[in-house]
Amino acid sequence: MSITPSTSDKAYTVVGGQREERAVAVARNTSLIVLHRGGKYRRHELFEKLQRLGFEDVLSLEPAADTYDVEALSQQHSGVRFLIPHQKLSIGAQVNIGMQEALGRVVFVVWNDMELDRNCAAAAARLGDETDHLCIVPLMRSEKGETIPTLAAPAFHAGRLRVVPLTPVRDGIPSLYPVGYVGLYRRKRFLALGGFDALIENSFWQKMDFGLRAHMWGEHIVYHGVLRITTAAGLDAEDTTPDDSYRRFYLKNLSLRFRDDQGILPLSRFARFFLKTGGGLLSSWALFRSIQQWVFDNRYRFRQDSRRITELWEVEE
């Protein structure tokens with residue numbers, strides 16, 4: 005599942021920055037991806053502060069519309085590149101293109117309404133040196149100083165996969181996925197994993213797919229409290245509706261089995277998938293065959309399946 009476009013088919017425009025000139029200097033440091041929600045408030049102050057914190061490579065994932073201020077901002081902030089998609093993209097797809105353009109070996113993904121601790125850039129660089137995890141989840145607090153549950157633990161209940169939100173109690177605790185997409189990612193590992201599945205548009209199922217794939221392929225997503233963020237908006241409510249995105253997620257994760265040191269999607273799983281998730285017979289079969297081929301192509305990358313991940317997951321109080 006490659007997410008890297010060729011030069012001719014990039015679905016976005018890059019404005020600002022001097023990528024080639026900074027590439028060598030930034031390569032061992034941290035890039036920062038800024039996702040946007042809400043109004044376009046205090047944009048100049050936002051980018052000025054982020055660069056003052058020590059982030060040399062900042063990428064702003066712009067909404068598909070309302071880019072009237074980008075040209076002026078790019079002239080004011082030489083260390084910021086503005087990525088403008090040519091069409092509306094899911095959040096995961098936005099993170100993907102940010103990762104493709106990022107220069108640092110580790111990339112911190114945040115939202116525009118989050119306040120980063122003054123030592124965040126240094127802490128991120130240090131974690132890049134001292135750890136080798138796919139993604140590190142930060143400590144997140146509300147404006148009142150309350151710790152926000154930013155860990156996701158998987159659990160099967162009544163035959164259905166659920167996610168239990170947890171508050172971190174120590175460094176190193178695993179999370180199924182980076183809640184709200186926020187986290188410090190190791191860029192090359194992220195790209196090798198395939199990034200977020202852009203064909204899964206529902207954010208909840210998209211993050212679930214990313215997290216389960218990461219764990220099934222032997223990667224680790226863990227919490228570390230040295231990365232600290234304050235957020236006024238908190239975390240968005242998750243839409244767990246079993247929609248079209250769920251059908252793709254279901255096949256890639258819940259139908260898959262790990263046998264004889266490889267991942268497989270048995271033909272016998274089609275009937276259950278079709279009856280459980282709905283959809284037309286022909287379209288369901290086409291989707292099944294597509295995912296079956298994807299599983300076959302990546303069969304030796306699997307180390308376990310989703311049920312084993314859930315069975316072995318330990319929740320700390």
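FYI, the numbering for the sequence shown is 5 to 321, going by this note's numbering. Beta carbons: idealized from backbone N, C-alpha and C, even for Gly. Treat the numbers as computed from the prediction; the structure is a model and nothing was measured.
- Message: Between the alpha carbons of E119 and M144, how many angstroms are there, rounded?
- Response: Near 10 Å, if we compare the C-alpha coordinates of M144 and E119.
Problem - Exposed unless 16 or more other CB atoms sit within 10 angstroms - verdict on D243 - result: The residue in question, D243, is exposed, as its Cβ has fewer than 16 Cβ neighbours within 10 Å.
8 Å CB neighbourhood of R193 in its chain, flanking five on each side removed: Cβ within range, chain order: L138, E223.
With a threshold of 8 Å on Cβ separation, who are the neighbours of L131 within its own chain once the five nearest residues in sequence on each side are excluded? So the list reads V110, I140, L188, H228, V230, L231, once near-sequence residues are dropped.
Checklist line | Range of the contiguous beta strand (DSSP E) that encloses I101 | finding: No beta strand (DSSP E) contains I101, which is instead part of the alpha helix (DSSP H) from 95 to 105.
- [ ] Note down the Cα distance separating G20 from Q297, rounded to an integer number of angstroms.
- [x] Distance between the alpha carbons of G20 and Q297 is about 40 Å.
Next on the checklist: If contacts are defined as beta-carbon pairs under 8 Å, then G83 and V62 qualify, I think. What distance do you get, rounded to the angstrom?
Outcome noted: At roughly 6 Å, the Cβ-Cβ gap stays under 8 Å, so G83 and V62 are in contact.
### Query
Which partner residues does W115 have in the DSSP bridge list?
DSSP links W115 through a beta bridge to L39.
### Query
The alpha helix (DSSP H) spanning L57 covers which residue range?
It is not in any alpha helix (DSSP H) - L57 carries neither H nor E in the DSSP assignment.
**OP:** Under 8 Å by Cβ, that's how I've got H48 and N116 pegged, so tell me the actual separation to the nearest angstrom.
**Re:** Contact between H48 and N116 does not hold, since their C-beta atoms are separated by about 12 Å, which reaches or exceeds 8 Å.
Using the three-state DSSP reduction, which class does S249 fall into: helix, strand or coil? S249 sits in a helix when the DSSP states are folded into three classes.
* **Spatial neighbours of D301 in its chain, beta-carbon cut-off 7 Å, leaving aside the 5 residues before and after** => So no residue of the chain qualifies.
Quiz item: In angstroms, rounded to a whole number, what distance separates the CA positions of F253 and H81?
Solution: Cα to Cα, the separation comes out at about 39 Å.
Please go through the same chain and pick out, in chain order, the residues whose beta-carbon is closer than 6 Å to the beta-carbon of S35, but skip the five residues on each side of it.
Contacts found: D61, A106, L107, G108, V111.
Quick one: which unbroken beta strand (DSSP E) runs of 3-plus residues sit fully inside the region 230 to 277? Chain order, please. Taking 3 residues as the shortest admissible run, the region 230 to 277 contains the following complete beta strand (DSSP E) segments, listed from N- to C-terminal end: 261 to 263, 266 to 268.
Taking just the CA atoms, how far does R251 sit from A202? Our two residues, A202 and R251, have alpha carbons roughly 14 Å apart in a direct line.
Legend entry - Unbroken stretches of the alpha helix (DSSP H), 4 residues or longer, contained in the region 165 to 224: You should have 191 to 197, 207 to 220.
| Residue range of the beta strand (DSSP E) that includes A323 | Residue 323 is absent from the structure shown; the chain starts at 5 and stops at 321.
**Study point:** Whether Q210 touches S94 by CB criterion (8 Å)
**Key:** A contact, by the Cβ cut-off of 8 Å.
Would a C-beta distance cut-off of 8 Å place A125 and G58 closer than the cut-off? With a cutoff of 8 Å on beta-carbon distance, A125 and G58 are scored as near each other.
Problem set entry | Touching by the beta-carbon criterion (3+ pairs, under 8 Å), the region 262 to 270 and the region 302 to 316 | Touching, per the Cβ criterion.
> Under three-state DSSP, which class holds V319?
Replying inline: It is coil, neither helix nor strand.
> Helix, strand or coil: which one does DSSP assign to V28?
Replying inline: Below a pLDDT of 50, predicted positions are generally treated as unreliable, and V28, at 48, falls in that range; the measurement from the model is reported next regardless. It is helical.
* **Supposed close pair H90, Y185 - CB separation, criterion 8 Å** => Contact flag wrong, Cβ pair sits at about 21 Å.
Are the beta-carbon atoms belonging to V114 and I233 less than 8 Å from one another?
Contact: yes.
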